[in-house]
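Asker:
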Amino acid sequence: MFIIKSNLKTVIIILLFIVSLYGAIVIGKELNTIHLAVLVVKDGKAVSDANVYVFAVTPKGTRLMAVASTDSQGMATFEFSIGEVIKPIIDWNSVQKAIQISPGFYITVIGRVGEYKYFGTGSVKLPLKTIGPLITSTIVELKDRLLKVEGALASTVNYKQQAPPWATLVYSKEESRRETLFKVATDPHTTATVDYTMNKYEEIAFKCTFSVTLKYSGTIIIPWKVDKEISWVTSQSEKTLLFNVLQSSVNYISCLVTITYECWEYEEPADGGELYREHRVYIRYHLPDSLDTTKGVDDIDGTEQFLKSAPGQGLYPANPTTDVKLREDVSTQFAIPVFGFVREIPLDYLPASLVVAIDVCLVLKSGYAIDATVIVYCESGYTVSVYYIKVYRTVNADYSLPCWAIILKT
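The sequence shown begins at 440 in the working numbering and counts up one residue at a time.
1. From K646 to V479, what distance separates their C-alpha atoms?
2. Thinking Y417 and L585 are a contact (beta carbons under 8 Å), I'd like their distance in whole angstroms, please.
3. Taking the alpha-carbon of E704 as reference, which of L714, L695, V684 and V696 has the nearest alpha-carbon?
4. Quick one: using the 10 Å Cβ neighbour count with 16 as the cut-off for buried, is L801 buried or exposed?
5. State the beta-bridge partners of E706 as determined by DSSP.
6. Compute the Euclidean distance between the alpha carbons of I521 and V684, then round it to the nearest angstrom.
7. State buried or exposed for Y816, treating a residue as buried only when at least 16 other CB atoms are found within 10 Å of its CB.
8. First and last residue of the beta strand (DSSP E) that includes V684?
9. Between the Cα of T629 and those of K639, V813, K829 and W843, spot the shortest distance and give me the residue it belongs to.
10. Please name the residue or residues paired with A808 in a DSSP beta bridge.
11. What do you get for K481, buried or exposed, if any count of 16 or more other CB atoms within 10 angstroms of its CB means buried?
12. Would you say V633 and V623 are within 8 Å of each other, going by their C-beta atoms?
13. Rounded to whole angstroms, how far is the Cβ of G779 from the Cβ of D737, which I believe are closer than 8 Å?
14. Just to confirm, is the Cβ distance from A489 to V534 under 8 Å?
15. How many Å lie between L509 and A631 at the Cα?
16. When you compare only the Cα positions, how much space is there between P662 and L793?
17. Could you give the first and the last residue of the continuous alpha helix (DSSP H) run that contains K734?
18. Residues in its own chain within less than 7 Å of I845 by CB, not counting five upstream and five downstream?
19. Once DSSP output is grouped into helix, strand and coil, what is the label at P776?
20. Quick check on the DSSP output: the alpha helix (DSSP H) that includes S487 runs from which residue to which?
21. Secondary structure at N690, three-state DSSP: helix, strand or coil?
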């Protein structure tokens, strides 16, 4: 009897050890886990059997992490390693002292609704944490129509029996170049003083500009459009520029930015081998320390929009005519021209019909990330009209973003 009790005690101890070990493994796994849920909808209704592609935002561009189809409720769920997604960003930040970038996911979705296929994008910013679990979710709206799906083929398709969808990066390009952020132009009767600051510890985000074509024909399915945020940058230093703009002059502000172009190729089930190509352009980060009063590689041109007018008080610092606080009077989002970068992409990976003037979008996540004021002076006896540039691309694009260019006219 003593032997039986002793053996039973040993078994219980072993079982408790196994349970504790398993629990420790589970807890350890959860501490390193990111849980992501993506709900796909079209016109407010959940879309089932949509293919969800999740890309990790990394210091070297986006990287495809996983693909899954949505369930009957329009939901796709994923688990990722914090060490694989976030740790590389933290390591990069420790070397690059001027800025800090945040990790995140960029998400694309292709789903069928009725007789058409649609494309949608989404993004999720993640915290700079190495201890989880991290739980996050987002909703992706299918907005842009891709192709009509033939009814006879589509009605018999069982996605579960098809080869799994995939996406492959077929071409990428990265370049650091000086991009124009700001422009002030005066006429013979006006001058201006500019005070421009990139503030410390404030965040700026950049939105992705993308388009979709067919690989073999180069047909444009989705024209260039600005969509979801894809990078988040926090300055670790402060830089201020203070300068005067003389009569009949044009002055610029620019800084070094790293621009990325990616051409991703998708093959979807039941498309008869047709390949979609997504063309992705975005600014991965900027360098505030490089801020300078020089013109970048691109100019800020576009439709001028009237902002305000005021009678002249004289061309003297003691008598300002009016001022423009860009943070308040223009926008928290504005365009940065990147046509010079895009036109250098090989036509094998960017159809000629897409080589047009395009922009990427900068978003002030904090209202004080960029503090800019233009003090306007106008000669007595004249009235100055203040305009700002509203970028509007009419070829292969349908978006409009304010660009920080102030034009003075009398």
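Where a beta carbon is used, it is the ideal one built from N, C-alpha and C, also for glycine.
Answerer: On the basis of the supplied data:
1. Each residue's alpha carbon lies about 20 Å from the other.
2. The requested residue 417 is not part of the displayed model; the chain covers only 440 to 849.
3. When only C-alpha atoms are compared, the closest one is L714.
4. Buried, since its Cβ has 16 or more Cβ neighbours within 10 Å.
5. DSSP lists W605 and L714 as partners of E706.
6. Roughly 49 Å separates the two Cα atoms.
7. Flag for Y816 reads buried.
8. In the DSSP assignment, V684 falls within the unbroken beta strand (DSSP E) covering K678 to V684.
9. Cα-wise, what sits closest to T629 is V813.
10. Per DSSP, none; premise fails for A808.
11. Answer is buried; the Cβ neighbour count reaches 16.
12. Yes; because the gap between Cβ atoms is below 8 Å, this pair is in contact.
13. That pair is a contact at about 5 Å.
14. For the pair A489 and V534, the CB atoms are not nearer than the 8 Å cut-off.
15. This sequence places Thr at residue 509; Leu is not what is there. C-alpha separation (whole angstroms): 56 Å.
16. If I take the Cα positions, the gap works out to 8 Å.
17. DSSP places K734 in no alpha helix (DSSP H); its state is neither H nor E.
18. Leaving aside the five residues that flank I845 on each side, the residues in its chain whose CB is nearer than 7 Å to its CB run, in chain order, V623, V763, V813, V825 and Y827.
19. Strand, per DSSP.
20. According to the DSSP assignment, S487 belongs to no alpha helix (DSSP H), since it is labelled neither H nor E.
21. Shown here, N690 sits in a strand according to DSSP, grouped into three states.
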